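Here's the structure, in structure tokens; my notes come after.
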Amino acid sequence: MSIFDPGTSTLLNSTQLPAAFFEVCRALDAAENNRNGANPGLPPQRNISTTVSFDTGTIAVAATIPVTVSIGAAGVVTMTASNYLGATYGAFDVGAGGGDLTSDTLPETLLEMATLLANAEKAVTPAENQPNNIQISFDLETSTATIAANMPFTSSAAADGAVEIIAIDYL
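So the sequence shown is residues 2 to 172, counted in our numbering.
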């Protein structure tokens, strides 16, 4: 079982890594839709696709996030997700209570959450039991990070008919 501290962020409520990752995916997808709807004269931003399949019981995420690459004084290569949505639509407030995240934009938060989840998968022992539900690749030529994820979920119906979808903590 994974543990995630959302801090006092108003965006995240999940206390498990897969569910928190799904929350960030949903938020970035919604932010793209809000930005595209408010700016019909601009080319649409569709850098993330989040699909829920009741047939397979999986959440599929495909994201291509622009990144900037820098090299620090000690030779450390750093990749930072670019806020391609701008401050109005891409801001993320980690809140005053800390938590496990340090990013301040939704694209950065997606990349940070994906990395936390991928690292948690690699920490599962023994190695032959490690899941591989999330993959991250970086392309320095195109300055992009590509995230692909397939995670199991559970769903329930509320009294008012609303459907709730929660990523299962498969770790």
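For each residue, glycine too, the CB sits at the ideal point set by N, CA and C.
Just so you know, these numbers come straight off a predicted model, no measurement behind them.
Going by C-alpha positions, G91 is about 8 Å away from L29.
Here V25 carries a helix assignment [DSSP, helix/strand/coil]. Within its own chain, the residues whose Cβ lies closer than 7 Å to the Cβ of S15, once the five positions on either side in sequence are excluded, are F5, P7, A21 and E24, listed in chain order. If you keep only unbroken alpha helix (DSSP H) runs of at least 4 residues inside the segment 139-165, you get nothing at all. In the three-state DSSP reduction, P7 falls in the coil class, being neither helix nor strand. Taking C-beta separations shorter than 7 Å and ignoring five residues to either side along the sequence, the partners of I72 in its chain run V78, following chain order.
When the five nearest sequence neighbours on each side are left out, the beta carbons in the same chain lying within less than 6 Å of the beta carbon of I49 are those of L29, D30 and A64, in order along the chain. Counted as a single uninterrupted DSSP element, the beta strand (DSSP E) harbouring A63 occupies residues T59 to I72. P108 is classed as buried because its beta carbon has at least 16 other beta carbons within 10 Å across all chains shown.
By the Cβ neighbour-count rule, Q17 is buried, with 16 or more other Cβ atoms within 10 Å of its own. Counted as a single uninterrupted DSSP element, the stretch harbouring A82 is not any alpha helix (DSSP H) but the beta strand (DSSP E) occupying residues V78 to A82. Among the bridge pairs identified by DSSP, S54 is matched with T59.
About 26 Å separates the Cβ atoms of T11 and V68, ruling out a contact at the 8 Å cut-off.
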